[in-house]
Amino acid sequence: MELKFILEPLLFSAQKPMSAQELRDVLANAATAEDADEAAKPYKKVKEDAVTAALEELAREHATAARTFRLVCVAGAWQFVTQPEYAPWLKAMVGVKNRPSRLSQAALETLAIIAYRQPVTRAEVEQVRGVNVDGTMQTLLERGLVEQSGRAEVVGRPALYSTTPLFLEYFGLRGLEDLPAADELRRIPVERPPAPVTADAGLATVPPEQLQLNEAAPSAPAAES
Amino acid sequence: MAEYKVQFEVFEGPLDLLLYLIKKAEVDIYEVNLTKLATQFIEYIDLMRAFDLEVAGEFVVMASTLMYIKSRELLPVDQQVVVEAEDEGEDPRWELIRQLVEYKKFKDAAAKLQTLEERQENIYPRLPGKIEFENPAAPAKPEVGIFDLLNAVNAVLKRFQEKTSGSREIYEDKWTVSEKIEFVLKIITERGSVKFSELFETAANRAEVVCTFLALLELIRLKQLDCVQPEPFAEIEIGRAVVAAGPAEMATPTPETEAEAEVKSAPATEPTAAEIEDTEVEDEFDDEDEDDEDEDDDDGEEAEADEADEQTPK
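Chains as they are written, first to last, in the numbering used here: chain A, 2 to 226; chain B, 17 to 330.
Quick look at the structure:
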């Protein structure tokens, strides 16, 4: 029996989202059970990668079939979810989802910077946003969307912050690589807080076009560092 | 003027305000006239003061940066102060623009996250309740095959072989399969289930054993009865077939169970006195009820039983 066909009913009946590893364990258990079915035995030593590949194929098939529900992977665990456009009826049946209040604009901006740049210090976040982020940072920590993930090896050893698995769940993301425009935004390096601005030689009157040529380019190489 | 106040409330900082001003001027961030922007920015700060709003320190810092940029613009290039050996020898204009571009990107990313947040509110996961079956405690009992039954009945028959080995007697055929079907059903109805050997406890000779056994087979065939072994190697138990339960044809038994069934049922064929009494008393008791209950079935069974009767080995 094809692996994806076995995984589908497992996920259909699972009481919680299942990771590829958990599914693999189920397959192994089924194969080693005392009265194991002949069909179950070939999957005794199935690799996690093979399970993931089968799940991805299954998800693609569901997407192609354009059903009203689909198979998704959120924070590494797979589950069936409904398509968002059917929410009005689902709300009527099972009620509004129990979710904390929506995030403020400030919280979303701060969270975006942490998400794309993690691990990141508070000072770096403030550098990008241009404002103090103590309050919003506190909110994000309290809601469990970000956590302290270490300390930067610089003077003062400031705390580093990263997003949590709950962050992925909250936004329905499979992983950090699933963030919108992740490849573009993650590459932009955060500027170190600049030296005090003093009068500068001869550059003030450089026309904007020239600014772009000279300075827009360096932003790309800087990315590799 | 009130609209400005409303606008101001949504600004997340000086960069946000600058982005708003740039957007309002409908120019590309890279081509914005910072001098003009500085003027507008300071107008806003004045406005905030006029509305008695507390101007955050960040706004003041930004205003001073803009003022600095503007003041530089006033001087021709060759008259500007040249500062050597600056680590960050960058144009403050560029510095600001780069900061704006970067901020803009994250602001856009935040907007995307907001979309995801809203979307996620409308996505419902499939979370089935725990699947509970009616009798989760009942373990799957090993089913009994025809060979297990034959072995068991052989063990019972051995008892008579020994007894009759010396001489041969001719018995009157006083048992019929249909009678025995009634007998078996009665016992099963009374006791729920019965051990294989107990069915033959009262049998007087080989012919009776055979009749009872044929009755048993007939009932199994009609899916009235079910044979199970409560655990591997245990004695065969006969009970009422569960409605909608699987048919009584069984999987090929393993050699162990066959052998074991034989061994186990043999000693059990010696019934205790108490058990016999028990059976007899109950027999008398429930005679009438049973007849009524089984009347409907009887006709069909009788016909079947007659057929079986003819094949009874003599």
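Every residue, glycine too, gets a C-beta built ideally from N, C-alpha and C.
Integer-rounded CB distance, given that residue j should sit under 8 Å from residue i
i        : j        : result
Ala76/A  : Glu170/A : 5 Å
Glu251/B : Lys211/B : 5 Å
Leu11/A  : Leu56/A  : No, Leu11/A and Leu56/A are not in contact; Cβ-Cβ is about 10 Å, not under 8 Å.
Thr205/B : Ala219/B : The Cβ separation is near 20 Å, so there is no contact.
Ser209/B : Gly255/B : 4 Å
Arg100/A : Gln84/A  : The pair is not a contact, with the Cβ atoms about 18 Å apart (cut-off 8 Å).
Thr164/A : Ile115/A : 6 Å
Ala257/B : Gln240/B : 6 Å
Ile113/B : Ile45/B  : 6 Å
Glu111/B : Thr51/B  : With 8 Å as the limit, Glu111/B and Thr51/B do not qualify as a contact, their Cβ atoms being about 16 Å apart.
Phe176/B : Arg222/B : 4 Å
Thr122/A : Pro159/A : 4 Å
Val27/A  : Glu28/B  : The Cβ separation is near 47 Å, so there is no contact.
Val225/B : Val169/B : 7 Å
Ala108/A : Leu141/A : 6 Å
Lys128/B : Pro181/A : 4 Å
Leu186/A : Ala72/B  : Not confirmed; about 26 Å, so no contact.
Alpha helix (DSSP H) segment containing residue i, residue limits
i        : result
Trp110/B : 108-137
Ala66/B  : 50-66
Ile254/B : No alpha helix (DSSP H) contains Ile254/B, which is instead part of the beta strand (DSSP E) from 253-256.
Leu169/A : 166-172
Asp50/A  : 49-66
Val346/B : Since the first residue shown for chain B is 17 and the last is 330, residue 346/B is missing from the structure and cannot be characterised.
Val244/B : Note, Val244/B: premise wrong, no alpha helix (DSSP H); beta strand (DSSP E) at 241-244.
Arg123/A : 123-130
Phe27/B  : Where Phe27/B is concerned, there is no enclosing alpha helix (DSSP H), given that its DSSP letter is neither H nor E.
Leu141/A : 135-143
Lys5/A   : 4-14
Ala88/A  : 88-95
Thr111/A : 106-118
Burial state of residue i, where buried means 16 or more other Cβ atoms lie within 10 Å
i        : result
Met19/A  : buried
Met94/A  : exposed
Asp32/B  : buried
Glu198/B : buried
Thr285/B : Reliability fails at Thr285/B, whose pLDDT of 44 lies under 50, so the model's placement of it is uncertain and the value that follows must be treated cautiously. So Thr285/B ends up on the buried side.
Thr288/B : Note that Thr288/B scores a pLDDT of 45, beneath 50, so its modelled location is shaky and nothing firm can be said.
Lys280/B : For Lys280/B, the pLDDT reaches just 45, beneath the cut-off of 50, and the residue's location in the model is therefore unreliable, although a value from the coordinates is still provided. So Lys280/B counts as buried.
Gly262/B : Because the pLDDT at Gly262/B is just 41, under 50, the model does not fix this residue reliably, and the point stays unresolved.
Asn167/B : buried
Glu272/B : A caution first: Glu272/B carries a pLDDT of 45, below 50, which makes its placement in the model too unreliable to give a value.
Asp135/A : exposed
Leu82/B  : buried
Pro43/A  : exposed
Met78/B  : buried
Leu116/B : buried
Ser194/B : buried
Met2/A   : exposed
Arg135/B : exposed
Phe6/A   : exposed
Leu201/B : buried
Gly145/A : exposed
Asp107/B : buried
Residue i Cβ short of 7 Å to the ligand COA heavy atom set
i        : result
Thr140/A : The ligand COA is absent from the structure shown, which contains no ligand whatsoever.
Residue interval of the beta strand (DSSP E) (run including residue i)
i        : result
Val77/B  : Where Val77/B is concerned, there is no enclosing beta strand (DSSP E), although the alpha helix (DSSP H) it sits in stretches over 73-89.
Gly151/A : 147-152
Ser209/B : 209-211
According to DSSP, residues forming a beta bridge with residue i
i        : result
Phe1/A   : In the structure as shown, chain A starts at 2 and stops at 226, and residue 1/A therefore has no counterpart that could be examined.
Tyr140/B : BP columns for Tyr140/B are empty, so no partner.
Met19/A  : Trp79/A
Ser163/A : Glu148/A
Quiz prompt | Interfacial residues, the stretch 118-150 of chain B to chain A, with Cβ spacing under 7 Å | solution = Glu118, Tyr119, Lys121, Phe122, Lys123, Ala125, Ala126, Lys128, Leu129, Gln130, Leu132, Glu133, Arg135, Gln136, Glu137, Asn138, Ile139, Tyr140, Pro141, Arg142, Leu143, Pro144, Lys146, Ile147
Quiz prompt | Contact residues within the stretch 26-40 of chain B, judged by C-beta distance below 9 Å to chain A | solution = Val26, Glu28, Gly29, Pro30, Leu31, Asp32, Leu34
Practice problem: Below 7 Å between beta carbons is the criterion; list the residues of the stretch 240-251 of chain B that meet it against any residue of chain A, in chain order. | Solution: none
Quiz item: Residues in the stretch 152-173 of chain A with C-beta within 8 Å of chain B's C-beta atoms, listed in sequence order?
Solution: Tyr171, Phe172, Gly173
Quiz prompt | Contacting positions in the stretch 75-88 of chain A - beta carbon closer than 9 Å to chain B | solution = Contact residues of the stretch 75-88 of chain A toward chain B are Val75, Gln80, Phe81, Val82, Thr83, Gln84, Pro85, Glu86, Tyr87, Ala88 (C-beta to C-beta distance below 9 Å).
Self-check item: Short-range partners of chain B found in the stretch 102-127 of chain A, where Cβ spacing is below 7 Å
Solution: Cβ contacts with chain B: Arg103, Leu104, Gln106, Ala107, Leu109, Glu110, Leu112, Ala113, Ile114, Tyr117.
Quiz prompt | Near-chain B residues of the stretch 62-76 of chain A (beta-carbon distance less than 9 Å), N- to C-terminal order | solution = Phe70, Val73, Val75
Exercise. Output, in sequence order along the chain, the residues in the stretch 18-49 of chain A whose CB is closer than 9 Å to any CB in chain B.
Key: Pro18, Asp36
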